[in-house]
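Trainee:
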Amino acid sequence: MTRPQTEAWVPSDDRGLAYGDGLFETVLVRDGAPLLWPQHMQRLAEGCRRLGIPMPAAGTLDVLPAQAGPALKVLKLIVTRGGGGRGYQTPAAPEPRLLWQATDFTPQPRRWWEGVRIRHCRLQLGMQPLLAGIKHLNRLENVMARREWDDADIAEGLLCDSQGQLVEATSMNLFWLRQGRLETPRLDACGVAGTLRAALMQRLSIVEVSVGPQALADAEAVWLGNSVQGLWPVVRLDTADGTPLYRWSLSSVQRDLQREAHALLGYPTAPAD
Numbered sequence: 015m016t017r018p019q020t021e022a023w024v025p026s027d028d029r030g031l032a033y034g035d036g037l038f039e040t041v042l043v044r045d046g047a048p049l050l051w052p053q054h055m056q057r058l059a060e061g062c063r064r065l066g067i068p069m070p071a072a073g074t075l076d077v078l079p080a081q082a083g084p085a086l087k088v089l090k091l092i093v094t095r096g097g098g099g100r101g102y103q104t105p106a107a108p109e110p111r112l113l114w115q116a117t118d119f120t121p122q123p124r125r126w127w128e129g130v131r132i133r134h135c136r137l138q139l140g141m142q143p144l145l146a147g148i149k150h151l152n153r154l155e156n157v158m159a160r161r162e163w164d165d166a167d168i169a170e171g172l173l174c175d176s177q178g179q180l181v182e183a184t185s186m187n188l189f190w191l192r193q194g195r196l197e198t199p200r201l202d203a204c205g206v207a208g209t210l211r212a213a214l215m216q217r218l219s220i221v222e223v224s225v226g227p228q229a230l231a232d233a234e235a236v237w238l239g240n241s242v243q244g245l246w247p248v249v250r251l252d253t254a255d256g257t258p259l260y261r262w263s264l265s266s267v268q269r270d271l272q273r274e275a276h277a278l279l280g281y282p283t284a285p286a287d
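The sequence shown runs 15 to 287 under my numbering.
1) Answer yes or no: do Asp45 and Pro79 have a C-beta to C-beta separation smaller than 7 Å?
2) Can you confirm whether the region 125 to 135 touches the region 239 to 251 when touching is taken to mean that 3 or more C-beta pairs between the two stretches lie within less than 8 Å?
3) Just verifying my parser: in three-state terms, what is the DSSP assignment at Asp255?
4) My parser needs the beta strand (DSSP E) runs of 3 or more residues fully inside the region 35 to 70; what are they?
5) Per DSSP, what kind of secondary structure is Asp28 in: helix, strand or coil?
6) Compare the beta carbon distance of Gln268 and Ala235 with 7 Å and say whether it is the shorter of the two.
7) When DSSP builds the beta bridges, which residues end up paired with Phe189?
8) Taking DSSP's pairing of strands, which residues face Trp114 in a bridge?
9) For Glu128, which of helix, strand or coil comes out of DSSP?
10) CB-CB under 6 Å to Gln53, same chain, minus the five flanking residues each way: which ones, in chain order?
11) Could you check whether Glu170 and Ala183 sit closer than 7 Å to each other, using their CB atoms as the reference points?
12) If you drop the 5 nearest sequence neighbours on each side, which residues of the same chain put their C-beta closer than 6 Å to that of Met15?
13) Locate the beta strand (DSSP E) running through Asp175, then write down its first and last residues.
14) Short check: CB of Pro68 to CB of Pro25, under 7 Å?
15) So, with DSSP's three-state summary, where would you put Glu274?
16) Out of curiosity, what's the CA-to-CA distance linking Thr198 and Leu180?
17) If you run the structure through DSSP and keep just helix, strand and coil, what is Ala207?
18) For Ala183, write down the residues that DSSP places opposite it in a beta bridge.
19) Within 10 angstroms of the Cβ of Gly178, are there 16 or more other Cβ atoms? Answer buried if so, exposed if not.
20) Using the Cβ count rule (16 or more neighbours within 10 Å means buried), how would you classify Leu154?
21) At a cut of 8 Å, does the region 89 to 102 reach the region 36 to 44 through at least three beta carbon pairs?
22) Short check: CB of Val249 to CB of Gly129, under 7 Å?
23) Would you say the region 138 to 154 touches the region 200 to 209, given that touching needs at least three Cβ pairs under 8 Å?
24) With distances taken from CA atoms, which of Ala254, Gly256, Gly239 is nearest Pro121?
25) What residue does the beta strand (DSSP E) around Leu196 start on, and which one ends it?
26) To the nearest angstrom, report how far apart Leu172 and Leu278 are at their CA atoms.
27) According to DSSP, Glu162 sits in a beta bridge with which residue or residues?
28) Where does Gln193 land, buried or exposed, given buried means 16+ other C-beta within 10 angstroms?
29) Give every residue of the same chain whose Cβ lies closer than 8 Å to the Cβ of Val221, excluding the five residues on either side of it in the sequence, and list them in chain order.
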């Protein structure tokens, strides 16, 4: 049986700590009610299936958002395989460990309404279809990519895979409008299939494509989004060296997709007067 723990301490033999052998979810919770909970649970279940970790019981997970407390919180769930096994060999009967923590969260409205400046990253993501889409604990690529800049004016960095195809930002999914069609990178070789992305794709005609970054030259609008921050319009994309590459003006086009996303998260769909 999986018992949830709130303590940050875990045993030194925990496989999540030792090998990244586990999964996590970050859930926006508003007054005890989780947003996009079905999508988070679906991705967690898929991750558990692929890694061969028993999925915590729904009854164990479903009570946690209410324990986050009032106001706006981010609930982080971590499921590891637990301890045991020998080296990389997994235990025959794993006893998963479930950790959770709720922290206060304040979104960044300025990025919603003024848009963001982003850059390309030098790091390229390795391709491993078995792990593509799920939110496993082994995120060193994202950590190393995020270390590439410390300029507060740059909100995010775009990542390509080892074949030069667009994948995602370091912690957000990527969307763009090109020739009147909403597109997002295909994530069958690497990257995280975000829950906001999943929800938007269930509601709108968004096409998954395999393209290089040059496709953004033809984009009429570009966005980054995730289930915690909402949707940020991109107004400028730089090279990894900081040279401006493309610019986009804010218009009603950006607001249309943002309204769809923010309605799912309970965020404003227009700036306050």
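A virtual CB, placed ideally from N, CA and C, is assigned to each residue, including glycine.
Mentor: Reading from the atomic positions:
1) Cβ distance not < 7 Å, so Asp45 and Pro79 don't count as in contact.
2) Contact between the region 239 to 251 and the region 125 to 135 is present, with at least three C-beta pairs closer than 8 Å.
3) Secondary structure at Asp255: coil, using DSSP grouped into helix, strand and coil.
4) You should have 36 to 44.
5) In the structure shown, Asp28 sits in coil (DSSP, three-state: anything other than H, G, I, E or B).
6) Between Gln268 and Ala235, the CB-CB gap stays under 7 Å.
7) The secondary-structure analysis by DSSP pairs Phe189 across a beta bridge with Trp237.
8) Paired residue(s): Leu91.
9) Three-state result, Glu128: helix.
10) The beta carbon of Gln53 lies closer than 6 Å to those of Thr209, Ala212, Ala213 in the same chain, with the five residues before and after it left out.
11) Taking 7 Å as the Cβ cut-off, Ala183 and Glu170 qualify as a contacting pair.
12) Any answer about Met15 is weak, because its pLDDT of 48 lies below 50 and its placement is not dependable; what the coordinates show is given next. Hits under 6 Å: none found.
13) Taken as a continuous stretch (DSSP letters only), the beta strand (DSSP E) holding Asp175 covers 168 to 175.
14) Their beta carbons are not under 7 Å apart, which means Pro68 does not touch Pro25 by this criterion.
15) Helix.
16) Approximately 9 Å between the Cα atoms of the pair.
17) Residue state, collapsed to three classes: coil.
18) Bridge partners of Ala183: Leu172.
19) Exposed.
20) Counting Cβ neighbours within 10 Å, Leu154 comes out exposed, since fewer than 16 surround it.
21) The count of Cβ pairs closer than 8 Å, one atom from the region 89 to 102 and one from the region 36 to 44, reaches three, so the stretches are in contact.
22) Yes, the Cβ-Cβ distance between Val249 and Gly129 is below 7 Å.
23) Counting Cβ pairs under 8 Å, three or more are found: they touch.
24) Ranked by Cα distance from Pro121, the first of Ala254, Gly256, Gly239 is Gly239.
25) 195 to 199 is the extent of the beta strand (DSSP E) around Leu196.
26) As the crow flies, the alpha-carbon of Leu172 is around 24 Å from that of Leu278.
27) The partner list for Glu162 (beta bridge, DSSP) is empty, contrary to what the question assumes.
28) Burial call: exposed.
29) Around Val221: Arg195, Leu196, Glu197, Thr198.
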